[in-house]
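Numbering (this note's numbering), first residue to last: -19 to 279.
Backbone N, C-alpha and C fix where the C-beta goes; we use that ideal spot for every residue, glycine too.
Note that the structure is predicted; figures quoted are calculated from it, not measured.
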Amino acid sequence: MADPSARSYDIVFYHQFLDAHPMRPSQSPAEAAMDPRAMIRLAADVAHRRSPGGQVVLVTNAAAEFAHLPHLAVERRDLADPARLQYDRTRCYRDYLAARVGQAGRQGAIFLDTDALALREMAGLFDRPFDVALTYLEEALVPPPARLDRWGLPDDGRLSAINFGVMAARFTPAAVGFFDAALARFEAIAGEGERFLGTARNSFRAADPAGGTHFRIADVRTWGGGQFALTSLLSPCLFGTLRDDCEVAGARVRLLPSAQWNFSPPGGRMTMESLEGCYVLHLKGSRKTQFPAVAAWLA
């Protein structure tokens, strides 16, 4: 067990408990039945055990419920408007970094979704030069899109090239400036309202209408907009020729392959052998049903 004083970076989870979560109508019955509090406890415990160089942090509006966990630092953050949940999350990351700029002895933060599991020590990431590190999905880049819209985004229905579930940043003014730029792009995209979330872009929000789970989100500030804003900012580095080390909005940005840093098993099929060399396993969507079993194996 690593000495707590030797922890050199933060592993940050963000979760807001809402009466009506915007994703809930699209979830499968098994996924919807999962207890988010239990998932957070499991994810935090796995991160604490598997990546002991990091201090595990939860930012939430239900801080008191988790304050008793000895390995988890909890910060309270209230959400003023559930319709701006994804925008608040992006701002939370910006605010988290800004509050720690110049903090001695801390290298930065790795931000994880609560359905993401740290598989191994992640401290080595900070040996690489960057202000911000983002994960990209290779299959979203190939084949190259036939055209990009005015935001620098493909409009052919492909998955987002940047996934919001795993990212890292140092406690530097440049990293804060990058997230300021991301928030500005987020607001600009959101200004298009339903015109931005056209049929192709919003297809990943649609489930089976016959099953009563079909719905659409009209405002990207509610859900999905963070990855659109980041992909838009990084568009010149992503599409055409991938530049995995580039400068964006005054920050040095490192692009990390999702296959290594944000792995989500295709079709939900996974073996423990497939996790060899992976740092983070991201159990998105219906894959969450595997969460307790995988977390127990990792613990």
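(message) Quick check on P134: buried or exposed, where buried means 16 or more other Cβ atoms within 10 Å of its Cβ?
(response) Translated into the one-based positions of the sequence shown, residue 134 becomes position 154. The residue in question, P134, is buried, as its Cβ has 16 or more Cβ neighbours within 10 Å.
(request) Thinking A98 and L105 are a contact (beta carbons under 8 Å), I'd like their distance in whole angstroms, please. (result) Counted from its first residue, the sequence shown places residue 98 at position 118. Counted from its first residue, the sequence shown places residue 105 at position 125. A98 to L105, Cβ: 11 Å. No contact.
(message) Quick check on the burial criterion: 16 or more other C-beta atoms within 10 angstroms. Buried or exposed for M147?
(response) The sequence position of residue 147 within the sequence shown is 167, counting from 1. Counting Cβ neighbours within 10 Å, M147 comes out buried, since at least 16 surround it.
(request) Pick helix, strand or coil for Q66, following the three-state DSSP scheme. (result) For the purposes of this step, residue 66 is identified with residue 86 of the sequence shown, where counting begins at 1. Q66 falls in the helix class under three-state DSSP.
(message) Starting from R21, trace the alpha helix (DSSP H) in both directions and tell me its first and last residue.
(response) Here the question's residue 21 lines up with position 41 in the sequence shown. First-last of the alpha helix (DSSP H) with R21: 16 to 30.
(request) For the region 207 to 219 and the region 122 to 133, state whether three or more C-beta atom pairs, one from each stretch, are separated by less than 8 Å. (result) yes
(request) Starting from A161, trace the beta strand (DSSP E) both ways and give me its first and last residue. (result) Against the sequence shown, residue 161 aligns to sequence position 181. Unbroken run through A161 is the alpha helix (DSSP H), 153 to 170; no beta strand (DSSP E).
(message) At the level of alpha carbons, what is the spacing between Y73 and D95?
(response) For the purposes of this step, residue 73 is taken as residue 93 along the sequence shown, with counting starting at 1. For the purposes of this step, residue 95 is taken as residue 115 along the sequence shown, with counting starting at 1. Taking the straight line from one Cα to the other gives about 17 Å.
(message) Measuring straight from C-alpha to C-alpha, what distance separates D344 and P62?
(response) Residue numbering for the chain in the displayed model covers -19 to 279; residue 344 lies beyond these limits and cannot be assessed.
(request) Specify the secondary structure class of A79 as computed by DSSP and reduced to three states. (result) Taking the sequence shown and counting its residues from 1, one reaches residue 79 at position 99. Coil, per DSSP.
(request) With C226 as the anchor, note down where its beta strand (DSSP E) starts and where it stops. (result) For the purposes of this step, residue 226 is taken as the residue at position 246 of the sequence shown. Element bounds for C226: 225 to 228.
(message) Only counting the same chain, and skipping five residues up and downstream in sequence, which positions put a Cβ closer than 6 Å to that of V37?
(response) In the sequence shown, residue 37 corresponds to position 57, counting from 1. These residues qualify, in order along the chain: D(-10), V(-8), A53.
(message) Tell me whether R71, by its Cβ, gets closer than 7 Å to a heavy atom of the ligand MG.
(response) In the structure on display, the ligand MG does not appear, and there are no ligands present to speak of.
(request) Consider the Cβ of L22: report whether some Cβ of chain C lies at a distance smaller than 8 Å. (result) The chain labelled as chain C is not found in the depicted structure, where only one protein chain is given.
(request) Please check the pair F(-3) and N41, which I expect to be a contact at CB under 8 Å, by giving their CB distance rounded to whole angstroms. (result) Mapped onto the sequence shown, residue -3 falls at position 17. Mapped onto the sequence shown, residue 41 falls at position 61. Their Cβ separation, rounded to whole angstroms, is 6 Å, which keeps F(-3) and N41 in contact under 8 Å.
(request) Note the first and the last residue of the continuous alpha helix (DSSP H) segment covering G34. (result) For this step, residue 34 is matched to residue 54 along the sequence shown. That residue, G34, is in no alpha helix (DSSP H); its beta strand (DSSP E) goes 34 to 40.
(request) Please state whether DSSP places P246 in a helix, a strand or coil. (result) For the purposes of this step, residue 246 is identified with residue 266 of the sequence shown, where counting begins at 1. Three-state DSSP puts P246 in a helix.
(message) Whole angstroms are fine: how far does the CA of L177 sit from the CA of L139?
(response) Taking the sequence shown and counting its residues from 1, the one referred to as residue 139 is at position 159. Taking the sequence shown and counting its residues from 1, the one referred to as residue 177 is at position 197. About 13 Å.
(request) Give the DSSP-derived three-state secondary structure of G88 in the structure shown. (result) In the sequence shown, the residue the question calls residue 88 occupies position 108. G88 falls in the strand class under three-state DSSP.
(message) Quick check on the DSSP output: the beta strand (DSSP E) that includes F46 runs from which residue to which?
(response) The count along the sequence shown starts at 1 and reaches residue 46 at position 66. Per DSSP, F46 belongs to no beta strand (DSSP E) and is neither H nor E.
(message) Helix, strand or coil, according to DSSP, for E174 in the structure here?
(response) Counting from one through the sequence shown, the residue named residue 174 turns up at place 194. Correct three-state label for E174: helix.
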